[in-house]
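To start, the structure under review is shown below, and the notes come after it.
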Amino acid sequence: MARFDGIRYGYCINKEQLINDDSFIAYIKRNRSESLGTGVKRRIFAGNYYSLNENYNKYVNKAAKIQRLIQKDFSTIFNQNIHCILTPVSRHSAPLFSQIKRRNREEQRLEDYFMAPANLCGLPSIAIPYSQCSRGLPLGIQLIAPYLEDLRLLKISEMIEKLF
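Sequential numbering of the sequence shown, starting at 11, is according to this note's numbering.
Below, the structure written as C-alpha coordinates:
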(Lines of atoms letter the chains of each structure in order from A and count residues from 1; the text may use other names and numbers.)
(Lines give C-alpha, C1' and ligand atoms only; values in the text may rest on other atoms or scores of the structure.)
Protein backbone atom coordinates (compact mmCIF):
# COMPACT_ATOMS: atom_id res chain seq x y z
CA MET A 1 0.00 0.00 0.00
CA ALA A 2 2.89 2.34 0.66
CA ARG A 3 3.71 2.37 -3.06
CA PHE A 4 0.54 4.38 -3.77
CA ASP A 5 2.45 7.64 -3.93
CA GLY A 6 0.60 9.11 -6.91
CA ILE A 7 3.71 9.02 -9.06
CA ARG A 8 3.77 5.42 -10.21
CA TYR A 9 0.60 4.03 -8.62
CA GLY A 10 -2.72 5.33 -7.40
CA TYR A 11 -4.50 8.65 -7.30
CA CYS A 12 -2.54 11.73 -8.32
CA ILE A 13 -3.33 15.34 -7.45
CA ASN A 14 -2.85 17.93 -10.16
CA LYS A 15 0.64 17.38 -11.63
CA GLU A 16 1.09 21.17 -11.90
CA GLN A 17 1.16 21.30 -8.11
CA LEU A 18 4.21 19.04 -8.04
CA ILE A 19 6.26 21.96 -9.36
CA ASN A 20 4.68 24.49 -7.00
CA ASP A 21 4.91 22.41 -3.82
CA ASP A 22 7.76 23.06 -1.38
CA SER A 23 9.19 19.59 -1.81
CA PHE A 24 8.66 16.13 -3.15
CA ILE A 25 7.82 14.95 0.38
CA ALA A 26 5.15 17.66 0.67
CA TYR A 27 3.66 16.48 -2.63
CA ILE A 28 3.54 12.83 -1.51
CA LYS A 29 2.06 13.85 1.85
CA ARG A 30 -0.66 15.95 0.23
CA ASN A 31 -1.39 13.28 -2.37
CA ARG A 32 -1.80 10.56 0.24
CA SER A 33 -3.83 12.73 2.61
CA GLU A 34 -6.31 13.46 -0.20
CA SER A 35 -6.50 9.96 -1.63
CA LEU A 36 -6.06 7.41 1.16
CA GLY A 37 -8.72 6.64 3.74
CA THR A 38 -7.97 6.30 7.43
CA GLY A 39 -8.08 2.49 7.26
CA VAL A 40 -5.45 2.38 4.52
CA LYS A 41 -3.25 4.88 6.36
CA ARG A 42 -3.55 2.82 9.53
CA ARG A 43 -2.43 -0.30 7.63
CA ILE A 44 0.56 1.52 6.14
CA PHE A 45 1.63 2.71 9.61
CA ALA A 46 1.17 -0.79 11.02
CA GLY A 47 3.23 -2.27 8.17
CA ASN A 48 6.01 0.20 8.84
CA TYR A 49 5.92 -0.54 12.57
CA TYR A 50 6.05 -4.31 12.11
CA SER A 51 8.87 -3.99 9.57
CA LEU A 52 11.21 -2.27 12.02
CA ASN A 53 14.21 -4.45 12.91
CA GLU A 54 13.26 -4.71 16.58
CA ASN A 55 9.73 -5.86 15.71
CA TYR A 56 10.47 -8.06 12.70
CA ASN A 57 11.25 -11.30 14.54
CA LYS A 58 8.61 -10.61 17.13
CA TYR A 59 5.74 -10.20 14.64
CA VAL A 60 6.62 -10.82 11.00
CA ASN A 61 8.20 -14.25 11.50
CA LYS A 62 5.21 -15.42 13.56
CA ALA A 63 2.81 -14.08 10.95
CA ALA A 64 4.75 -15.89 8.20
CA LYS A 65 4.39 -19.18 10.13
CA ILE A 66 0.63 -18.66 10.43
CA GLN A 67 0.47 -17.79 6.73
CA ARG A 68 2.23 -21.07 5.85
CA LEU A 69 -0.26 -23.02 7.99
CA ILE A 70 -3.20 -21.39 6.19
CA GLN A 71 -1.56 -22.09 2.81
CA LYS A 72 -1.08 -25.72 3.85
CA ASP A 73 -4.79 -26.00 4.74
CA PHE A 74 -5.81 -24.60 1.36
CA SER A 75 -3.37 -26.95 -0.42
CA THR A 76 -4.83 -29.93 1.43
CA ILE A 77 -8.31 -28.97 0.24
CA PHE A 78 -7.33 -28.24 -3.36
CA ASN A 79 -5.25 -31.45 -3.60
CA GLN A 80 -8.51 -33.40 -3.15
CA ASN A 81 -9.61 -32.44 -6.67
CA ILE A 82 -11.55 -29.42 -5.40
CA HIS A 83 -11.66 -26.71 -8.07
CA CYS A 84 -13.19 -23.90 -6.05
CA ILE A 85 -14.25 -23.05 -2.49
CA LEU A 86 -17.47 -21.11 -1.95
CA THR A 87 -17.67 -18.98 1.20
CA PRO A 88 -19.64 -15.99 2.46
CA VAL A 89 -18.08 -12.66 1.56
CA SER A 90 -19.24 -10.97 4.76
CA ARG A 91 -21.24 -11.58 7.92
CA HIS A 92 -24.36 -9.88 6.58
CA SER A 93 -25.93 -8.19 3.58
CA ALA A 94 -24.58 -4.98 2.12
CA PRO A 95 -25.07 -2.08 4.53
CA LEU A 96 -26.99 1.06 3.75
CA PHE A 97 -24.72 3.95 2.81
CA SER A 98 -25.76 5.79 5.98
CA GLN A 99 -24.59 2.81 8.06
CA ILE A 100 -21.12 2.81 6.51
CA LYS A 101 -20.28 6.21 7.98
CA ARG A 102 -21.33 5.09 11.49
CA ARG A 103 -19.19 1.96 11.61
CA ASN A 104 -16.45 1.83 14.18
CA ARG A 105 -12.95 0.51 13.55
CA GLU A 106 -13.77 -2.95 14.91
CA GLU A 107 -16.77 -3.37 12.61
CA GLN A 108 -14.66 -2.29 9.63
CA ARG A 109 -11.95 -4.79 10.56
CA LEU A 110 -14.46 -7.63 10.87
CA GLU A 111 -15.61 -7.00 7.30
CA ASP A 112 -12.25 -8.25 6.02
CA TYR A 113 -12.29 -11.56 7.89
CA PHE A 114 -13.91 -13.65 5.18
CA MET A 115 -11.66 -12.30 2.43
CA ALA A 116 -8.38 -12.24 4.35
CA PRO A 117 -7.33 -15.93 4.10
CA ALA A 118 -7.28 -15.99 0.29
CA ASN A 119 -5.46 -12.67 0.17
CA LEU A 120 -2.88 -13.82 2.71
CA CYS A 121 -2.15 -16.90 0.64
CA GLY A 122 -2.05 -15.21 -2.74
CA LEU A 123 -4.98 -17.25 -4.00
CA PRO A 124 -7.32 -15.92 -6.66
CA SER A 125 -10.70 -15.02 -5.23
CA ILE A 126 -13.74 -13.09 -6.35
CA ALA A 127 -16.82 -11.74 -4.60
CA ILE A 128 -20.05 -11.85 -6.56
CA PRO A 129 -23.66 -11.02 -5.69
CA TYR A 130 -25.96 -14.02 -5.67
CA SER A 131 -29.18 -12.93 -3.98
CA GLN A 132 -30.88 -10.23 -1.95
CA CYS A 133 -31.85 -10.05 1.69
CA SER A 134 -35.37 -9.24 2.88
CA ARG A 135 -34.53 -5.51 2.71
CA GLY A 136 -33.59 -5.84 -0.96
CA LEU A 137 -29.87 -5.39 -0.34
CA PRO A 138 -27.34 -7.64 -2.10
CA LEU A 139 -25.88 -10.75 -0.51
CA GLY A 140 -22.50 -11.85 -1.76
CA ILE A 141 -20.48 -15.01 -1.99
CA GLN A 142 -16.76 -15.44 -2.39
CA LEU A 143 -15.13 -18.03 -4.61
CA ILE A 144 -11.54 -19.08 -3.95
CA ALA A 145 -9.51 -21.07 -6.47
CA PRO A 146 -6.10 -22.75 -6.35
CA TYR A 147 -2.97 -20.73 -7.04
CA LEU A 148 -2.72 -19.60 -10.70
CA GLU A 149 -6.25 -20.81 -11.49
CA ASP A 150 -7.59 -17.30 -12.12
CA LEU A 151 -9.18 -18.16 -15.46
CA ARG A 152 -11.00 -21.17 -14.01
CA LEU A 153 -12.24 -18.95 -11.17
CA LEU A 154 -13.62 -16.41 -13.64
CA LYS A 155 -15.38 -19.13 -15.64
CA ILE A 156 -16.96 -20.64 -12.52
CA SER A 157 -18.05 -17.23 -11.23
CA GLU A 158 -19.58 -16.40 -14.60
CA MET A 159 -21.58 -19.65 -14.50
CA ILE A 160 -22.82 -18.89 -10.97
CA GLU A 161 -23.80 -15.33 -11.90
CA LYS A 162 -25.91 -16.69 -14.76
CA LEU A 163 -27.75 -18.98 -12.33
CA PHE A 164 -28.80 -16.09 -10.12
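From the three backbone atoms N, C-alpha and C, an ideal C-beta is built for every residue, glycine too.
Only a predicted model underlies this, so the values are computations on that prediction, with no experimental measurement involved.
Query                                                                                                                                           : Result
Y157 by DSSP, collapsed to three states: which one?                                                                                             : coil
Given a threshold of 16 other Cβ atoms within 10 Å of its Cβ, counted over all protein chains shown, does L153 qualify as buried or as exposed? : buried
What three-state label does DSSP hand Y37 in the structure shown?                                                                               : helix
In three-state DSSP terms, what is Q152?                                                                                                        : strand
Among all the DSSP beta bridges, which residues are the ones paired with I136?                                                                  : L153
Just mark I148 as buried or exposed, buried being the case when its beta carbon has 16 or more other beta carbons within 10 Å.                  : A small fix is needed here, since residue 148 is Pro in this sequence, not Ile. The residue is exposed, with fewer than 16 neighbouring Cβ atoms inside 10 Å.
Starting from I87, trace the beta strand (DSSP E) both ways and give me its first and last residue.                                             : Unbroken run through I87 is the alpha helix (DSSP H), 71-88; no beta strand (DSSP E).
Once DSSP output is grouped into helix, strand and coil, what is the label at L173?                                                             : helix
Roughly how many whole angstroms lie between the Cα atoms of N91 and F55?                                                                       : 40 Å
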